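First to last, the protein sequences are chains A and B. The working numbering applies: residue 116 is where the first sequence begins, and numbers increase by one. The working numbering applies: residue 8 is where the second sequence begins, and numbers increase by one. These notes concern the structure reproduced below.
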Amino acid sequence: AQTVTQSQPEMSVQEAETVTLSCTYDTSESDYYLFWYKQPPSRQMILVIRQEAYKQQNATENRFSVNFQKAAKSFSLKISDSQLGDAAMYFCAYRSADNNNDMRFGAGTRLTVKP
Amino acid sequence: DVKVTQSSRYLVKRTGEKVFLECVQDMDHENMFWYRQDPGLGLRLIYFSYDVKMKEKGDIPEGYSVSREKKERFSLILESASTNQTSMYLCASSPLPGLAGPLLNEQFFGPGTRLTVL
């Protein structure tokens, strides 16, 4: 079974600085999807960014971008110009292209943003 | 906007009680999911449903059952609550694969129910 590993339980960043959250995954599949979800304190989990494995270009959504290294099975999230509202729990997730219902989540990284 | 709602944000129950957690989505999604979220373990899938009256076990179904009588509603049932079921429960929904557009492959989450079993 696929596993997703987030090796940083907690991270901290100064407001306006850049931070990178790490994620690695284990799979034997060639086609899959990767996601970063954000869960603010006491609020709903929302999708931050997604990456299709067949696409070589790294996904970008405003201040959020990923570094997708397929051979290394690495999928890190970079947050530029960090804002106080970025403080949240971040989950990396993997979904097989063959199984719509099997999404695997990492343990999460709690990001603190210091003013 | 896709909306997934859960019946309670906080719930306190006693050991042995039967507990119902309700989830409703308003986007006509075929797939619905129940996860539990525990510190250091991320989200673990309990059950999912891909159609009315259809259900499949996830990774940790023991002690739980589900019901999906209507497309928009997916219920999680704890037949006899135990203290080790104290957790955050998240419901999610998603459309079928193959649908074009920005919703492809994404799961939409409810706000969660924090259940405490005493």
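By construction, the Cβ of each residue, glycine as well, lies at the ideal position given by its N, Cα and C atoms. Since the structure is predicted, the reported quantities are computational estimates derived from the model, not experimental observations.
Asked, Found
"CA-to-CA distance, R21(B) to Q114(B), given in whole angstroms", "32 Å"
"CA-to-CA distance, Q154(A) to P124(A), given in whole angstroms", "14 Å"
"As assigned by DSSP and simplified to three states, the class of Q129(A)", "strand"
"Members of the segment 177 to 201 of chain A near chain B, C-beta cut-off 9 Å", "none"
"L199(A) - DSSP class collapsed to helix/strand/coil", "helix"
"Limits of the unbroken beta strand (DSSP E) element including T139(A)", "T139 to D141"
"Partners in chain B for L162(A), counting only beta-carbon separations shorter than 7 Å", "E113"
"Closer than 8 Å to chain A by CB, L122(B)", "no"
"Positions along the segment 139 to 161 of chain A whose CB lies within less than 9 Å of some CB in chain B", "Y148, F150, Y152, Q154, S157, R158, Q159, M160 and I161"
"Touching by the beta-carbon criterion (3+ pairs, under 8 Å), the segment 205 to 223 of chain A and the segment 138 to 153 of chain A", "yes"
"Nonlocal neighbours in the same chain, by C-beta distance under 8 Å from F55(B), ignoring five residues either side", "N38, M39, F40, W41, K62, E63 and G65"
"Candidates R219(A), N214(A) and D201(A), of which the one nearest L136(A) by Cα", "D201(A)"
"Top-ranked residue by Cα proximity to E24(B), from E76(B), S87(B), P102(B) and D33(B)", "S87(B)"
"Proximal residues of chain A, C-beta to C-beta of L18(B) below 8 Å", "Near L18(B) there are no residues of chain A at all, since even the closest Cβ is about 15 Å away, more than 8 Å."
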